[in-house]
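Following: one structure in structure tokens, then a few remarks.
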Amino acid sequence: MSVLAVDRQSLHDASVWDAVRQDARTRGESLSGFHNRNYVIDLRPDMAESLRFEAHTQVKVRIPLKDSLKVVERVWADEGAVLNALQRMPGVKNTPRHLAGLTGFAVHEYVPGQALSRVCAPGKPVDLFVVDAVVGQMARFTRVPASDLPPLPAGWSPDGDSRGFLQARVNFAEHEVREANWSEFAQLFAALSIPANALRWFHDRIPPMLSRPFALIHGDLHRHNLIVRADGGLTIVDWELAMWGDPLHDLAIHLVRMRYPSEQRSEVVDRWRKAVLRVRPEAAAGLDHDLPVYVAFERAQSLFADTMRVALTLAAQARPRKVGAAVSRVRAALHMAAVPLRLRRLATRTEVERALLDWVRKREAGGSGTVNAD
Numbered sequence: 001m002s003v004l005a006v007d008r009q010s011l012h013d014a015s016v017w018d019a020v021r022q023d024a025r026t027r028g029e030s031l032s033g034f035h036n037r038n039y040v041i042d043l044r045p046d047m048a049e050s051l052r053f054e055a056h057t058q059v060k061v062r063i064p065l066k067d068s069l070k071v072v073e074r075v076w077a078d079e080g081a082v083l084n085a086l087q088r089m090p091g092v093k094n095t096p097r098h099l100a101g102l103t104g105f106a107v108h109e110y111v112p113g114q115a116l117s118r119v120c121a122p123g124k125p126v127d128l129f130v131v132d133a134v135v136g137q138m139a140r141f142t143r144v145p146a147s148d149l150p151p152l153p154a155g156w157s158p159d160g161d162s163r164g165f166l167q168a169r170v171n172f173a174e175h176e177v178r179e180a181n182w183s184e185f186a187q188l189f190a191a192l193s194i195p196a197n198a199l200r201w202f203h204d205r206i207p208p209m210l211s212r213p214f215a216l217i218h219g220d221l222h223r224h225n226l227i228v229r230a231d232g233g234l235t236i237v238d239w240e241l242a243m244w245g246d247p248l249h250d251l252a253i254h255l256v257r258m259r260y261p262s263e264q265r266s267e268v269v270d271r272w273r274k275a276v277l278r279v280r281p282e283a284a285a286g287l288d289h290d291l292p293v294y295v296a297f298e299r300a301q302s303l304f305a306d307t308m309r310v311a312l313t314l315a316a317q318a319r320p321r322k323v324g325a326a327v328s329r330v331r332a333a334l335h336m337a338a339v340p341l342r343l344r345r346l347a348t349r350t351e352v353e354r355a356l357l358d359w360v361r362k363r364e365a366g367g368s369g370t371v372n373a374d
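Per this note's numbering, the sequence shown starts with residue 1, numbered consecutively.
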């Protein structure tokens with residue numbers, strides 16, 4: 001990864017960075033994202049000179065999406081503080097530099113390359129050198145001191161309380177995601193035979209778990225957030241969902257969202273175990289017993305997040321080919337969550353399509369305000 005020579009005084013020139021933001025929105029390359037509108041732009045010569053960068057240096061401007069559907073937990077408001085902490089850790093490599101953070105936007109180093117999802121589509125086996133690079137980074141995250149990261153919210157689970165940590169994540173999914181959006185989506189979930197108390201049921205049945213030391217968690221480690229650079233190396237981007245907690249939570253998120261083929265999952269877990277045992281053995285304690293519980297939760301909460309996102313996207317662009325893709329995604333989420341939530345039956349493709357289209361029609365008739373599905 002290229003290293004930008006940054007004069008720290010230049011980072012305080014808000015007027016220049018604001019001009020970069022405006023320029024990015026005008027002529028930058030727009031990249032899709034669930035939580036931000038990202039623009040890649042090469043700095044104009046005058047801007048580069050003011051900021052003491054080389055001419056045509058490329059940067060990524062990140063502008064948070066307004067009125068986006070809240071389906072994810074953001075523990076730290078300042079992603080830049082996390083990236084700055086990682087830059088100070090000699091053992092953690094290949095993360096982008098945070099260049100500026102101002103009201104309403106941030107600027108990061110742009111990492112040239114391709115997302116792994118473009119090189120190796122979801123569902124396909126991942127080369128083992130990529131797997132080793134990812135789990136090696138995850139192992140090194142366990143050595144990042146909490147004192148180097150931003151302060152945690154009041155009442156955060158104490159270090160090592162793995163069961164309490166997972167219960168808190170379930171509570172967030174229940175209250176901040178499912179319950180907070182229930183009035184708008186109740187009809188849809190009822191048509192899909194998803195009970196309102198499904199997550200509460202899951203919470204009450206979390207088994208005793210072994211204590212593991214908490215660690216830095218990326219929180220969204222999948223193929224879109226892994227950049228394969230021109231030199232063949234790998235850079236992890238998009239740290240806005242980072243948090244502090246049980247490292248098995250990060251592994252479970254990775255296993256589910258990475259969409260490894262079923263025959264590769266056990267090998268990924270084994271390589272993660274070996275990597276962590278070399279760095280911080282106690283972080284892998286109880287892996288075989290507790291990881292399935294975390295995986296079950298990730299599949300359970302994804303049903304609510306994915307279904308709501310799909311429905312809103314469909315309402316915004318209801319075209320025939322979009323309907324088919326939407327039905328497939330909801331059906332996949334139902335299958336993944338069926339066992340963790342003990343769903344009594346799975347809606348058929350016809351029932352899913354009818355449920356989605358009925359919800360869209362009712363929403364249009366009611367004139368609901370627009371909520372960004374990203």
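We put the CB at the ideal spot given by N, CA and C, even for glycine.
For V134 and D250, the rounded distance between their alpha carbons: 12 Å
Here's a check: name, in chain order, each residue in its chain whose Cβ is nearer than 7 Å to the Cβ of R163, leaving out the five neighbours to either side.
I206, P208 and M209
ask   = Is the beta carbon of A191 less than 8 Å from the beta carbon of D358?
value = yes
- Item | In chain order, each beta strand (DSSP E) run of at least 3 residues that lies wholly inside the region 165-246 | 215-217, 226-228, 234-236 and 243-245
Q. Alpha carbon to alpha carbon, what distance is there between V327 and I194?
A. 15 Å
Can you give me the C-alpha to C-alpha distance between G160 and W244, rounded to a whole angstrom? 11 Å
- Buried or exposed by the 16-neighbour rule on C-beta atoms within 10 Å, applied to W201: exposed
Is it buried or exposed, A365, if we count other Cβ atoms within 10 angstroms and call 16 or more buried? exposed
Using only the alpha-carbon positions, how far apart do E49 and A337 sit? 53 Å
*State the DSSP-derived secondary structure class of Y294, mapped to helix, strand or coil.*
helix
Worksheet item: Would V3 be called buried (16 or more neighbouring beta carbons within 10 Å of its own) or exposed?
Response: In this prediction, V3 scores a pLDDT of 38, lower than 50, which makes its location untrustworthy; no coordinate-derived value is stated.
Would you check if the distance between the CB atom of R307 and the CB atom of L188 is smaller than 8 Å? In the sequence as displayed, the identity of residue 307 is Thr instead of Arg. Taking 8 Å as the Cβ cut-off, T307 and L188 qualify as a contacting pair.
Specify the secondary structure class of R88 as computed by DSSP and reduced to three states. coil
Subject >> Rounded separation between L334 and R344 - CA only >> reply: 11 Å
Can you pull the DSSP bridge partners for Y39? S30 and V61
I believe V295 touches A252 by the beta-carbon criterion, under 8 Å. Please report the beta-carbon distance rounded to the nearest angstrom.
5 Å
Just to confirm my understanding: we take A115, look at its own chain, exclude 5 residues before and 5 after, and list those with CB closer than 8 Å. What are they?
R223, H224, N225, L226, I227 and V228
Margin query: Quick check: the Cα distance between L51 and A77, rounded to an integer number of angstroms?
Written below: 25 Å
_Judging by CA-CA distance, which residue of V360, D148 and E298 is the nearest neighbour of A81?_
D148
Suppose you measure from the CA of A180 to the CA of D132; what does that come to, to the nearest Å? 39 Å
Query raised in the report: Of all the options L341, A311 and A325, which has the alpha carbon lying nearest to the alpha carbon of V293?
Result: L341
Assigned exposure category for W182 - 16 Cβ within 10 Å defines buried: exposed
According to DSSP, is E267 part of a helix, a strand, or is it coil? helix
Query raised in the report: Beta-carbon separation of V237 and H203 under 8 Å?
Result: no
Please confirm if G33 has its CB atom under 8 Å from at least one CB of chain D. The structure shown has no chain D; it contains just one protein chain.
* Compute the distance between the beta-carbons of P96 and E109, then report whether it is under 8 Å. => yes
Requested in this report: Since I believe R74 is in contact with E240 (beta carbons under 8 Å), could you give me their beta-carbon distance rounded to a whole number of angstroms?
Outcome: 6 Å
Check: Of the choices L83, F129 and D290, whose alpha-carbon is the least far from that of H218?
Finding: L83
Discussion item. Could you compute how far the alpha carbon of F105 sits from the alpha carbon of G28?
Written reply: 14 Å
Please state whether the Cβ-Cβ distance between Q58 and D42 is less than 8 Å. yes
Assign F141 to one of three DSSP states: helix, strand, or coil. helix
S157 - DSSP class collapsed to helix/strand/coil: coil
Review point. Relative to the C-alpha of P125, which residue among Q264, P247 and A139 is closest?
Key: Q264
Could you check which residue in H175, R212 and V119 has the C-alpha nearest to that of S157?
-> R212
Along the chain, where does the beta strand (DSSP E) that runs through G104 open and close?
-> G104 -> no beta strand (DSSP E), and no H or E assigned at all.
Ignore the nearest five residues each way along the sequence and tell me which others in L346's own chain have a CB closer than 7 Å to its CB.
L334, H335 and A338
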